[in-house]
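Residue numbers for the sequence shown, in the numbering used here: 268 to 604. Worksheet: the structure to be examined is printed underneath.
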Amino acid sequence: MLEMTPRAPRVRIDVLFAADDRRVALLDEVFWSLRETPKQIAPRWLYDERGSELFDEITRLPEYYPTRTEWMILEGCAAEVAELTGATTLVELGSGTSEKTTLLLDALHAVGTLAVFAPVDVSEEILSQSANAIAARYEGIGVEAVVGDFEKHLHSIPKGSPRLLAFLGSTIGNLGPEHRARFLRAVSETLAADDHFLLGIDLVKSPERLEAAYNDSAGITEAFVRNALTVLDRELGSRFDQEGFSFEARWDAENEWVELGLRSLRAQTVALPVLDTDVSFGDGELLRIEVSSKFRREGIEKELAAAGLTVERWWTDPDGDFGLLLATPAVSASETP
């Protein structure tokens, strides 16, 4: 479905994924994912209004290093990114409030190339607010926002090249290996020869630091994860017993990801009236809410190469906690002069 939402001059919002579409997708997805082993729900459904507020709180926690570290790296490299890419269009996937993106917008605006900013997010409300704020701040820049799923609607982003496609916050870590491979291939196929892909990734480090980042002393991450049950209750008519599940965030060394979930404290069955079914949990069974993969430089470079992308530049913080990389579509032998 495509709706044109009227906004201020220089702001256009294309609605490709309206609230009704999201609900239909949630119902279908949950029906099947609660039958997998382990049972799980997709992390994007954590981000209702309350979930988005909680995640914003998480990014400001002292234990949660990724957001502030990525910001620090961007402060140091944004001007170089602007010079290397010469982008006329900046596309941000999973944009949210676009707070960090202002560093890239400032840099591209300073070199005089930027004409269009295209944020992509599933929340129309948040996207509308950020789009109008960006348009007000940057005179002469058009905002072409897309309310959509960044995995499904890449084909709908503005076509004007050279483009810089930014995917920050290590959001890519929420995708499993096979899922990630499909996404990176889609990115590669979307990019023109003079486009660039800027990717933020959280790097492997000590299990103690990783687990501390998701087991914060204020309990905000736990509230964020538990909010998933609230979303399910609202959308499915279920009545999950919050007290019947314990929060868990642990480092999985084999898969090199932090797994966040809720573990059933007893055998229990939960009715899902909207789906006309129920789901049973054994004592100690995990409901996986999210994984957050951590990366090694050589590993992500191989994944990108397999998708047809070549890393052009790397930036990290002094401690090697987080990385930003700039990639371009690989040039095949047939395209070489």
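The beta carbon of each residue, even a glycine, is placed where N, CA and C say it ideally should be.
Give the secondary structure of residue i by DSSP, where H, G and I count as helix, E and B as strand, and everything else as coil.
| i | result |
| --- | --- |
| proline 604 | No answer about proline 604 holds up, because its pLDDT of 47 lies below 50 and its placement is not dependable. |
| threonine 536 | strand |
| proline 444 | helix |
| serine 473 | coil |
| histidine 463 | strand |
| methionine 268 | For methionine 268, the predicted model reports a pLDDT of 39, less than 50, meaning its position is unreliable; a value from the coordinates is still stated below. Coil. |
| valine 282 | strand |
| proline 273 | With a pLDDT of 42 at proline 273, under the threshold of 50, the modelled position of that residue is not reliable, and the figure given next carries that caveat. Of the three classes helix, strand and coil, the one that applies to proline 273 here is coil, per DSSP. |
| aspartate 287 | helix |
| isoleucine 468 | strand |
| arginine 302 | coil |
| phenylalanine 417 | coil |
| phenylalanine 434 | strand |
| valine 598 | coil |
Using only CA atoms, which one of the options lies nearest to residue i?
| i | options | result |
| --- | --- | --- |
| lysine 259 | Gly587, Leu458, Ala346 and Leu496 | Since the first residue of the chain shown is 268 and the last is 604, residue 259 is not available in this structure. |
| isoleucine 556 | Ala292, Val278 and Gln307 | Gln307 |
| alanine 398 | Pro386, Asp416, Ala534 and Asp295 | Pro386 |
| aspartate 287 | Asp469, Glu391, Phe434 and Glu521 | Glu391 |
| serine 480 | Val525, Leu591, Gly511 and Glu570 | First, the amino acid is wrong: residue 480 is alanine here, not serine. Cα-wise, what sits closest to alanine 480 is Val525. |
| glutamate 568 | Val492, Trp581, Leu283 and Leu496 | Trp581 |
| glutamate 552 | Asp281, Thr304 and Val278 | Thr304 |
| aspartate 462 | Lys426, Gly486, Asp483 and Asn441 | Lys426 |
| glycine 528 | Leu313, Leu421, Phe298 and His376 | Leu313 |
| leucine 301 | Glu418, Asp545 and Val598 | Asp545 |
| glutamate 337 | Ile424, Arg279 and Gly467 | Gly467 |
| valine 558 | Asp543, Asp519 and Leu571 | Asp519 |
| glutamate 316 | Leu394, Lys561 and Leu341 | Leu394 |
| aspartate 610 | Ser437, Ala572 and His422 | What the structure shows of the chain is the stretch from 268 to 604, and residue 610 is not part of that stretch, so it cannot be assessed. |
| glutamine 509 | Glu366, Ala516 and Arg533 | Arg533 |
| isoleucine 325 | Thr595, Ser560 and Asn482 | Asn482 |
| serine 365 | Gly436, Gly504, Leu592 and Leu593 | Gly436 |
| arginine 277 | Thr488, Glu406, Phe589 and Leu465 | Glu406 |
| alanine 495 | Asp295, Arg311 and Leu283 | Arg311 |
Beta strand (DSSP E) containing residue i: first to last residue?
| i | result |
| --- | --- |
| proline 329 | Per DSSP, proline 329 belongs to no beta strand (DSSP E) and is neither H nor E. |
| glutamate 411 | 409-414 |
| valine 358 | 356-360 |
| arginine 385 | The displayed chain sequence assigns alanine, not arginine, to residue 385. Run containing alanine 385: 383-388, per the beta strand (DSSP E) assignment. |
Name the two residues that bound the continuous alpha helix (DSSP H) containing residue i.
| i | result |
| --- | --- |
| alanine 400 | 391-404 |
| threonine 488 | 487-503 |
| threonine 380 | Unbroken run through threonine 380: none, as it is neither H nor E. |
I'd like to confirm something about residue i: is its beta-carbon nearer than 8 Å to some heavy atom of the ligand FMN, or not?
| i | result |
| --- | --- |
| glutamate 475 | What this structure holds is no ligand at all, so the ligand FMN is not there to describe. |
Three or more C-beta pairs below 8 Å linking the stretch 369-378 and the stretch 347-360: In short, these stretches touch, since the Cβ pair count reaches three.
Segments assigned alpha helix (DSSP H), at least 4 residues, entirely inside the stretch 512-596: 564-573
Three or more C-beta pairs below 8 Å linking the stretch 474-483 and the stretch 313-321: Taking a cut-off of 8 Å on C-beta distances, the stretch 474-483 does not touch the stretch 313-321, as fewer than three cross pairs fall below it.
Contact the stretch 420-431 vs the stretch 336-354: 3+ CB pairs below 8 Å: Touching, yes, given that three or more Cβ pairs across the two stretches are closer than 8 Å.
Touching by the beta-carbon criterion (3+ pairs, under 8 Å), the stretch 570-585 and the stretch 447-456: yes
Inter-stretch contact (C-beta, 8 Å, three-pair minimum) for the stretch 330-343 and the stretch 290-301: no
The stretch 529-540 in contact with the stretch 493-513 per 3-pair CB rule at 8 Å: With the rule of 3 Cβ pairs closer than 8 Å, the stretch 529-540 counts as touching the stretch 493-513.
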